[in-house]
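Going by this note's numbering, the sequence shown opens with residue 1, and the numbers climb by one from there. Even for Gly, the Cβ is constructed at its ideal location relative to N, Cα and C. Being a predicted model, the structure only gives us computed values, none of them experimental.
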Amino acid sequence: MLHAPAGEDACCLRLFCPALREADVLEVEDVGDTVLIAARTVAAKASCPECGLPSARVHSRYRRTVWDLATCGRPVKVELEVRRFFCGEPSCDREIFAEQVDGLTQRHARRSNALRALLTSIAIALAGRAGARMAGLVGAPVSRSTLLRILRALPDPR
Numbered sequence: 001m002l003h004a005p006a007g008e009d010a011c012c013l014r015l016f017c018p019a020l021r022e023a024d025v026l027e028v029e030d031v032g033d034t035v036l037i038a039a040r041t042v043a044a045k046a047s048c049p050e051c052g053l054p055s056a057r058v059h060s061r062y063r064r065t066v067w068d069l070a071t072c073g074r075p076v077k078v079e080l081e082v083r084r085f086f087c088g089e090p091s092c093d094r095e096i097f098a099e100q101v102d103g104l105t106q107r108h109a110r111r112s113n114a115l116r117a118l119l120t121s122i123a124i125a126l127a128g129r130a131g132a133r134m135a136g137l138v139g140a141p142v143s144r145s146t147l148l149r150i151l152r153a154l155p156d157p158r
């Protein structure tokens, strides 16, 4: 959704969701109390996470859901179409891998890197019920159990 008079660099999505610069945004929809963004990746190649060899040979596509930082207090849900690639390195143990969008996705993650960092900060500061209330106020509703799980997953301080 680009605004023609302002140009591509001034697009609202580029400002509020900079991780989507590497994706083609298909649709932005108002779904009640949530903003839904449909997008797909556009990079010609992706690098194998195991051996680092770039590949352009597509295996398949699938749709994944990633929650991102809230915009104006409303949660942002990104439905992202990503591709699986064949790894062309014969000695690599990984035959097929899924591409990742820098700043938005990580393997198996359902929250963006920015949202995960925000929730980690809330979990460290408030944890449990108080943290869950604070997360809800900033547009990232999670349960107290989720915040405690985030807290337990952190490495021990030195």
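Nonlocal neighbours in the same chain, by C-beta distance under 6 Å from residue i, ignoring five residues either side
| i | result |
| --- | --- |
| I37 | V28 and V78 |
| S112 | V66, D68 and L104 |
| R84 | H59, S60, I96 and A98 |
| M134 | I122 and L126 |
Closest by C-alpha distance to residue i, when choosing among the options
| i | options | result |
| --- | --- | --- |
| I225 | I150, T71, F16 and A44 | The shown model of the chain, from 1 to 158, leaves out residue 225, and the question about it has no answer. |
| L69 | Q106, L147, P157 and P18 | P18 |
| L154 | T105, S121, P75 and V66 | S121 |
| V101 | V31, R64 and T41 | T41 |
| L107 | L137, T146 and R64 | The sequence as given places Arg at residue 107; Leu does not occur at that position. With distances taken between Cα atoms, R107 lies closest to R64. |
Backbone secondary structure at residue i - three-state DSSP
| i | result |
| --- | --- |
| P141 | coil |
| V38 | The sequence given here has Ala at residue 38, not Val. Three-state DSSP puts A38 in a strand. |
| P157 | coil |
| P75 | strand |
| S47 | strand |
| L69 | strand |
| R111 | strand |
| A127 | coil |
| G7 | Here G7 scores only 46 on pLDDT, less than 50, and its place in the model should not be relied on; the value that follows carries that caveat. Three-state DSSP puts G7 in coil, outside helix and strand. |
| F16 | helix |
One or two residues paired with residue i in a DSSP bridge
| i | result |
| --- | --- |
| R83 | R61 |
| V28 | I37 |
| S55 | A46 |
| I96 | F86 |
| A23 | T41 |
7 Å Cβ shell around residue i - same chain, five flanking residues per side excluded
| i | result |
| --- | --- |
| G88 | L53, S55 and R57 |
| C51 | C87, E89 and C92 |
| K45 | P54, S55 and A56 |
Contacts around residue i, its chain only, beta-carbon distance under 8 Å, and the 5 residues preceding and following it disregarded
| i | result |
| --- | --- |
| A39 | L20, A23, D24, V25, L26, V78, E79, L80 and E81 |
| R74 | D33, T34, V35 and G139 |
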